[in-house]
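Residue numbers (UniProt numbering), protein chains in the order written: chain A, 1 to 89; chain B, 1 to 89.
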DNA sequence: TCTTTATATTATAATATTACAATATTATGC
DNA sequence: GCATAATATTGTAATATTATAATATAAAGA
């Protein structure tokens, strides 16, 4: 299997979960900490953290610790624009 | 869960499989029948047919029967361009 | 109708993903 | 040190996806 194709499919897999899409939408307008994201989505903290980890691991977001909080923001502008344009349809 | 978000995630899910991405790449240059796609990917016929069904069901491709053959082609130009630009990266 | 070719469907075992409670970590203030 | 708050990890049961062999269907020609 072609590596480039596998990588592309993996990228789509990261985006294939509604919670992860929601998190990205939460972050479209700027950065946010985990608690805010959790309140926005109204799901358990461990679930949010798990998906944040997947998004971070895929290089779509990054988290910076500030005291007790970790502030997440979108890194990949391409994905940002893709989500935006697809949501606009 | 927001319906629009679910739909978007579902769209990504269709693209999250390397065989399906490969099929779309096979079809980028034009239409093709199942046997050609199968030879291009070198995997069992039932596997190809299964994934063609998923792509068709998602509205990304369409198949037209011509005698014994079914000719598939890409319908969704947005997806076509997305794949193209992402493969170019 | 029988055969052959092309494609689709079904059945199922293997594997992957998911949600989330429970627990652990990390940082801060006392 | 201890307590508390914010976040991450682990364990696990439920569910979904996958690959592919076996079988079914559809079309064409003899």
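For every residue, glycine included, the Cβ atom is placed at its ideal position computed from N, Cα and C.
In the structure shown, what three-state DSSP assignment does residue i receive?
| i | result |
| --- | --- |
| residue 63 of chain B | strand |
| residue 69 of chain B | strand |
Just the Cα atoms here: how many angstroms apart are residue i and residue j?
| i | j | result |
| --- | --- | --- |
| residue 54 of chain B | residue 65 of chain A | 42 Å |
| residue 61 of chain B | residue 76 of chain B | 7 Å |
| residue 24 of chain A | residue 67 of chain B | 47 Å |
| residue 69 of chain A | residue 20 of chain A | 20 Å |
| residue 4 of chain A | residue 88 of chain B | 10 Å |
For residue i, collect the residues of the same chain with a Cβ closer than 8 Å to its Cβ; drop the 5 residues on either side in sequence, then sort them by chain order.
| i | result |
| --- | --- |
| residue 52 of chain A | 23, 34, 37, 61, 63 and 72 |
| residue 59 of chain A | 75 and 76 |
| residue 6 of chain B | none |
Going by beta carbon distance, what residues of the same chain come within less than 6 Å of residue i, once the five residues before and after it are set aside?
| i | result |
| --- | --- |
| residue 91 of chain B | Nothing about residue 91 of chain B can be reported from this structure: the residues present for chain B run from 1 to 89 only. |
| residue 79 of chain A | 60 |
If you pair each beta-carbon of the segment 29-36 of chain B with each one of the segment 77-85 of chain A, do three or more pairs fall below 8 Å? no
May I have a chain-ordered list of the alpha helix (DSSP H) segments no shorter than 4 residues that lie completely inside the UniProt domain "HTH arsR-type" (1-89) of chain B? 3-14, 18-28, 34-41, 45-57 and 77-88
Across the segment 2-16 of chain A and the segment 7-24 of chain B, are there enough close Cβ pairs to call them in contact, namely three or more that are closer than 8 Å? yes
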